[in-house]
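In the numbering used here, the protein residues as written are 298 to 435.
Just below is one structure, and these are the notes that go with it.
Structure representation (structure tokens):
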């Protein structure tokens, strides 16, 4: 029984949420916690790099582009360019009105995906798990 509890505890994945808006950050963090994730958060882009260069490193980064599209894109794309961060999966949440900009400027690959609101929460959670699994095999 103790081994099973330890194994379950190890399976909890850590997600870092970068969302400048406090209300949106609280809602997204609350949702992710209910889904069983350990949630770290930051409202500043500098906090993202800091979290990934310290231990424990998050299993996934979720970036919201709703309020600060340029900052969100720069942060998202940095994970493709920085060799240290390249193995870290990133999920960018954007609005449908941002589709064209995100399509042309976001560097999407097997560890970096975009989802546009509105979306089904089941799909959101499924992609999170998929990105985390892919990162382990990268």
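Cβ atoms here follow ideal geometry from the backbone N, Cα and C, with glycine treated the same way.
Original post:
Mind checking whether residue 342 and residue 372 have CB atoms under 8 Å apart?
Top reply: Here residue 342 is near residue 372, since their CB atoms are less than 8 Å apart.
Original post:
Hey, how far is the Cα of residue 400 from the Cα of residue 309?
Top reply: Taking the straight line joining both Cα atoms gives about 32 Å.
Original post:
Out of 375, 368 and 347, which has the shortest C-alpha to C-alpha gap to residue 406?
Top reply: Answer by Cα proximity: 375.
Subject >> Assigned exposure category for residue 430 - 16 Cβ within 10 Å defines buried >> reply: By the 10 Å Cβ count, residue 430 comes out exposed.
Original post:
If you draw a straight line from the alpha carbon of residue 333 to that of residue 313, how long is it in whole angstroms?
Top reply: Straight-line Cα distance between these residues: approximately 14 Å.
Subject >> Start-end ranges of the alpha helix (DSSP H) lying completely within the segment 307-362, minimum 4 residues >> reply: For the alpha helix (DSSP H) assignment, the uninterrupted runs of no fewer than 4 residues enclosed by the segment 307-362 are, from N- to C-terminal side, 319-331 and 342-349.
Subject >> According to DSSP, residues forming a beta bridge with residue 411 >> reply: 389, per the DSSP bridge assignment.
Subject >> Pairwise C-alpha distance: residue 409 and residue 329 >> reply: Between residue 329 and residue 409, the alpha-carbon positions lie close to 19 Å from each other.
Original post:
For the putative contact between residue 377 and residue 350, defined by C-beta atoms under 8 Å, what is the C-beta separation to the nearest angstrom?
Top reply: The C-beta separation of residue 377 from residue 350 comes to about 17 Å, leaving the pair out of contact by the 8 Å criterion.
Original post:
Apart from the five residues on each side of it in sequence, which residues of its chain come closer than 7 Å, Cβ to Cβ, to residue 366?
Top reply: If you ignore the 5 residues before and after residue 366, its C-beta comes within less than 7 Å of the C-beta of 395 and 398, all in its own chain and listed in chain order.
**OP:** Within the same chain, show all residues whose beta-carbon is closer than 7 Å to that of residue 326, passing over the 5 residues directly before and after it, in chain order.
**Re:** Same-chain partners within the cutoff: 314, 336 and 338.
**OP:** Can you give me the start and stop residues for the alpha helix (DSSP H) that residue 440 sits inside?
**Re:** Any property of residue 440 remains undetermined from this structure, which presents the chain solely from 298 to 435.
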